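Have a look at the structure below, then the notes.
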Amino acid sequence: MSVVLAAVVAVLVALATTIVANPAQADTSGALRGVGSGRCLDVPGASQTDGTFLQIWDCTGGTNQQWTLTGSNQLTVYGGKCLDVPGHATTAGTRVEIWTCNGGANQQWQVNSNGTVVGVESGLCLDVTGGGTADGTAVELWACNGASNQQWTGLSGTGGTCTLPSA
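Just so we're on the same page, our numbering is the position in the sequence shown counted from 1, plus 133.
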């Protein structure tokens, strides 16, 4: 009996060590503000319709500008809509949209400490079209080049690559 008890205790200690060494990533939330424009990633008209293309707009604090980076690398708005690349496109210039979250690779994003948000499937950066700064400027995928129209701030929560730097 004591051999079985010792084995169970050893397993529990090993499991506890693993959990502490690899804590679960907490979701991080906030508005995504473009460094170059000072405006926020925005769902026009607070639409919740699949296929609505995104833009930048003055930051209002509305729910249509509140994004959450989940532990599965999705950027969600309204709780169930994901930042999405239509049709799994991998071409520069493709506009991004919201779509009901489905776990697809076209809805997964790598948020980097330098402020870039990179599509996992495409390898392209979330980009404010043409470096624009006006309300209503489209947001698209583009080859990563380090420009300020590809840098975003605002998510807060956990550290590491899951958080954008503060403005």
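The C-beta atom is built at its ideal place from N, Cα and C for all residues, glycine as well.
These figures come from a predicted structure and were not determined experimentally.
Secondary structure at S162: strand, using DSSP grouped into helix, strand and coil. The shortest CA-to-CA distance from G184 to any of G237, V250, G248 and C215 is the one to C215.
Here the stretch 218–225 does not lie against the stretch 165–179, with fewer than 3 beta-carbon pairs under 8 Å apart.
Around the beta carbon of G226, fewer than 16 other beta carbons lie within 10 angstroms, which makes this residue exposed. In this model, D160 and Q207 are separated by some 10 Å (Cα to Cα). DSSP places T227 outside any beta strand (DSSP E), giving it a letter other than H or E. About 7 Å separates the CB atoms of L288 and L165; that is less than 8 Å, so the two are in contact. Burial is judged here by how many other beta carbons sit within 10 angstroms of a residue's own beta carbon; T182 has fewer than 16 and is exposed. As for any beta strand (DSSP E) of minimum length 3 sitting wholly inside the stretch 160–197, the runs are 161–163, 173–175 and 188–190, ordered along the chain. Each of T224, V244 and V229 was checked against the Cα of T203, and the nearest Cα belongs to V244.
Following the DSSP letters along the chain, one finds Q283 in no beta strand (DSSP E), marked with neither H nor E. Per the coordinates, the alpha-carbon of V229 lies some 10 Å from the alpha-carbon of Q240.
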